[in-house]
Amino acid sequence: MRLGRTRLRAPAKAGAQSGRSTGLLHSQEHNWLAVLAAFLAAVTAAPALADSSLPPAALANTQLPDPRQERQAKALMEEIRCLVCQGQSIADSDAEMAGDMRALIRSRIQRGESPEAIRAWLIQRYGNWVSYDPPLEPVTWPLWGLPILLILAGLWLARGRFKRRAR
Amino acid sequence: MKRLILWVPLGLFVAFLAVVAAGLYAPAEREIHSALIGQPVPEFSLAAGAAGKPGLSSADLRQGRPHLVNVFASWCLPCRVEAPQLAALSARGVPIVGIAVRDRPEDLARFLASYGNPFQAIGSDSDRRVQIELGSAGVPETFVVDGQGIIRHQHIGAITDGDMAAILAAYEAAR
């Protein structure tokens, strides 16, 4: 395990030992169970001391009173990537940092800032990575261009086949 | 020629599998680097986090001397691991300032008493705004900021013995 972040999971020792208590099993199955138990323990264990002891930020889990603003904030939160639980949006994540980012977005929207300005502000700090809505750039053009190219290629293939049938 | 073309879909499929397998066996870099390297420290001003040490503001980082800005917390385990390295850097005369993320004064005091206090100033970032402002994605992280307040280097994770050379080199380069 790499030293560094506070994302470390609790050790899976307890789970590995529970596989050992079933003495009737053959050694092969026994190992299998131990691995499975260790895996389950690793997957379900709570992160060890990864959060502070302060309560969540005021606007992390509370909606804005103005429904229009809350809608804007929610839409943006669904497109901002959580930094500690990568692969989730901050709207979906239960991580403390995601809560702090939700609070930041809600308070800025409440102050009248536009969602796109907040997104730009976050991209300025964390790079395009933080947004689930990547901008059109030389690196990202295949995301848009490739589907169109593939559809064109498919049409061309289909055209060839239909021609042959007609003959 | 026709025969060869028949193999193209299978070839593409195998290539696709190879890409997926490569991604599984060697996962991509998961560290999120701040996009502010080479740019000025954003404006901020934090109240003191611990008794006896001043708070921290961005103006403090523009006084002509480079600084190490350590983003840390008393509740963060790797922050305890890097304490001896921070003490060694401080002993070498490297000025270190701290940003304590989401911390309570009493927890912070206990942490500093147990693991040492190499900090010249500690700002209390209780709502994590300044950490986000800096483009930092976790604790601990250490920024090297030059005398003009420009961020020159970011170290992600605990500073281990093996990282000391790189940190010192970045600090020397910022002088």
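Here the protein sequences line up with chains A and B, keeping their order.
When the letters of the first sequence are read in order and numbered with our numbering, they come out as residues 8 to 174.
When the letters of the second sequence are read in order and numbered with our numbering, they come out as residues 1202 to 1376.
Backbone N, C-alpha and C fix where the C-beta goes; we use that ideal spot for every residue, glycine too.
Please read all numbers here as calculations on a predicted model, not as lab measurements.
{"Check": "Range of the contiguous alpha helix (DSSP H) that encloses A1292/B", "Outcome": "A1284 to A1292"}
{"Check": "Neighbourhood of L162/A by C-beta, 8 Å cutoff - its chain only, sequence neighbours within 5 removed", "Outcome": "none"}
{"Check": "Inter-residue CB distance, G1350/B and S1259/B (contact presumed, cutoff 8 Å)", "Outcome": "6 Å"}
{"Check": "Exposed unless 16 or more other CB atoms sit within 10 angstroms - verdict on P74/A", "Outcome": "exposed"}
{"Check": "I116/A vs P122/A beta-carbon contact at 8 Å", "Outcome": "yes"}
{"Check": "Residue span of the beta strand (DSSP E) that contains V1242/B, given as start and end", "Outcome": "First-last for V1242/B: undefined, no H or E at that position."}
{"Check": "Euclidean distance between Cα positions of G1358/B and G1265/B", "Outcome": "27 Å"}
{"Check": "C-beta contact flag for A1274/B and V1298/B at 8 Å", "Outcome": "no"}
{"Check": "Burial state of E1232/B, where buried means 16 or more other Cβ atoms lie within 10 Å", "Outcome": "exposed"}
{"Check": "Touching by the beta-carbon criterion (3+ pairs, under 8 Å), the region 1317–1334 of chain B and the region 1238–1256 of chain B", "Outcome": "yes"}
{"Check": "Extent of the continuous beta strand (DSSP E) to which E1342/B belongs", "Outcome": "E1342 to V1346"}
{"Check": "Check whether V1432/B and I1300/B have beta carbons under 8 Å apart", "Outcome": "With chain B running from 1202 to 1376 in the structure shown, residue 1432/B is simply not present."}
{"Check": "Terminal residues of the beta strand (DSSP E) in which Q1321/B lies", "Outcome": "F1320 to D1326"}
{"Check": "Cβ pair count under 8 Å reaching 3, the region 80–89 of chain A against the region 100–116 of chain A", "Outcome": "yes"}
{"Check": "Q1355/B in three-state terms, based on DSSP", "Outcome": "strand"}
{"Check": "Test: W1208/B CB closer than 8 Å to a CB of chain A", "Outcome": "no"}
{"Check": "Straight-line Cα distance separating L1205/B from L156/A", "Outcome": "23 Å"}
{"Check": "Chain B within 8 Å of Q131/A, Cβ atoms only", "Outcome": "yes"}
{"Check": "Chain-ordered chain B contacts of M84/A [CB-CB under 7 Å]", "Outcome": "Under the 7 Å cutoff, chain B gives no residues; its nearest Cβ is about 14 Å from M84/A."}
{"Check": "Any chain B beta carbon closer than 8 Å to G134/A", "Outcome": "yes"}
{"Check": "Cutoff 8 Å: L150/A Cβ touching any chain B Cβ", "Outcome": "no"}
{"Check": "8 Å Cβ cutoff, Q95/A in contact with chain B", "Outcome": "no"}
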